[in-house]
Each structure stands twice: as structure tokens, then as C-alpha cells.
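Residue numbers (the working numbering): 1332 to 1498.
Built from N, CA and C at the ideal position, the CB exists for glycine as well.
Keep in mind the model is a prediction, meaning the values are calculated, not measured.
Written below as C-alpha cells is the structure these notes are about.
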Amino acid sequence: MNEDFRRHDDEEESAKTRKSIEDLRKETQKLFKQMDKRQRYIVALMRKMSLLLDEEARDVLKHRLKNRGLKLLRMSRLELQDIEVDIYGKGSGYCIVGKAKAKVTPQVIEEVDKDIERLCSKYPSYIRGKMIKVVYSIYVTPEAVEEARRRGIWLVTATKDLTPLMI
């Protein structure tokens, strides 16, 4: 009789455990679906913000160049096989090449400079006249300002030039 009770208790306990595991599995699947949905939303939002930053950068830079008497024929994003730049434009006797980043550190300045050097060496037909190297950002570290100044890169925010424009 004790054996029957033990077996009955074990079967009951096993059924409870199986149900608990199944409930947990269902809840976990539900949470993963929610997380996946949120992740897709965040990725889409970040892409939109990146595009908005790129557009803002091009608009601000066009305006700043125009105020200095420099007119661009066209400014857009440039995507080549192994190089992408957010800011690319040509004017009469010069071109502008650079990136738009939310946060700029000295490492970002170095990467942008290397991308511009690769563009010049691999695709010289895209470079016309004098070149303006530029980085546009929302937040810039003080060390990045010094690195941009050292490399001759025009560092710009929506409200001010952090380094001088050099043509």
C-alpha cells in the first residue's frame, strides 16, 4: 500500500513538474517573441536616426559652406565597394568628404581619415580639386577636437565649428 501511495505521489508530482516545465517553456517563448519584436523596433529606430543624422549633417554643411561663399553642386552619401562615406559633395574646384557620427572620439577621427585616404588612393576620380575633410557630430570629446585639428579635419556640430574649415 505504501508503494502504491509513493507511486501515485510520484506520478502526481511528475505531472505537476511536466506542467510547470511546459508553462515555463510557453512563457519563455512568449518573452523571446516580445524581445525579438522590441529588437527589430530598436534596430529600425536606430537606422532612421542614423539617416536623420546624415541628412542633418548634409543640410548644416551645405548652409555653412554657402555662408562662406562655397556652393555645392550636389551632396549625398557615397557607397563604393569597400568604402562608405555619409558626406560627399562636389563644388567648383573642391570636394567635401566625411562622416556623420552621433559620438566622436579620437578613434573615430582616425577611422574617418583612413577612409578618406583609401578613397583618394583607390578611387581618385571621386576627388576633384581641393578636398575638405569633415566629421559632423552631436557629441564630441575634447580629445577628438585635438585629433581633428591635428589631421586637418573640419569638425562640426549643429551649432558650431569645433575646428576651422581648411581648403
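Buried versus exposed call for residue i [16 or more other C-beta atoms within 10 Å across all chains shown]
i: S1407; result: exposed
i: M1462; result: buried
i: V1374; result: exposed
i: A1433; result: exposed
i: D1444; result: buried
i: I1427; result: buried
i: D1417; result: buried
i: L1450; result: buried
i: F1389; result: Residue identity differs from the one stated: residue 1389 is Arg in this sequence, not Phe. Per the 10 Å Cβ criterion, buried.
i: L1396; result: buried
i: A1475; result: buried
Of the listed residues the options, nearest to residue i (C-alpha basis)
i: D1446; options: T1472, Y1419, V1471, R1459; result: Y1419
i: T1436; options: Q1412, S1468, S1456, L1496; result: S1468
i: K1402; options: Y1425, L1383, V1416, E1387; result: Y1425
i: G1422; options: K1357, L1404, S1351; result: L1404
i: E1442; options: A1346, A1479, K1453; result: A1479
i: A1431; options: H1394, Y1454, I1414, E1386; result: E1386
i: S1440; options: S1452, L1409, L1486; result: Contrary to the premise, residue 1440 reads as Ile rather than Ser in this sequence. Nearest C-alpha to I1440: L1486.
i: K1438; options: L1362, R1482, E1415, Q1370; result: For the sequence presented, residue 1438 should be read as Gln rather than Lys. Considering only alpha carbons, the answer is R1482.
Element boundaries [alpha helix (DSSP H), containing residue i]
i: E1452; result: For the sequence presented, residue 1452 should be read as Ser rather than Glu. Taken as a continuous stretch (DSSP letters only), the alpha helix (DSSP H) holding S1452 covers 1437 to 1453.
Extent of the continuous beta strand (DSSP E) run through residue i
i: R1408; result: 1403 to 1410
i: I1418; result: 1415 to 1422
Beta-carbon separation (whole angstroms), residue i vs residue j, contact threshold 8 angstroms
i: V1465; j: G1429; result: 3 angstroms
i: I1484; j: T1494; result: 7 angstroms
Inset, instruction - Jot down the residue ranges of each uninterrupted alpha helix (DSSP H) in the stretch 1449 to 1490, minimum 4 residues, whole runs only, in chain order. - result: 1473 to 1482
Legend entry - Uninterrupted beta strand (DSSP E) stretches inside the stretch 1334 to 1371 (no shorter than 3 residues): none
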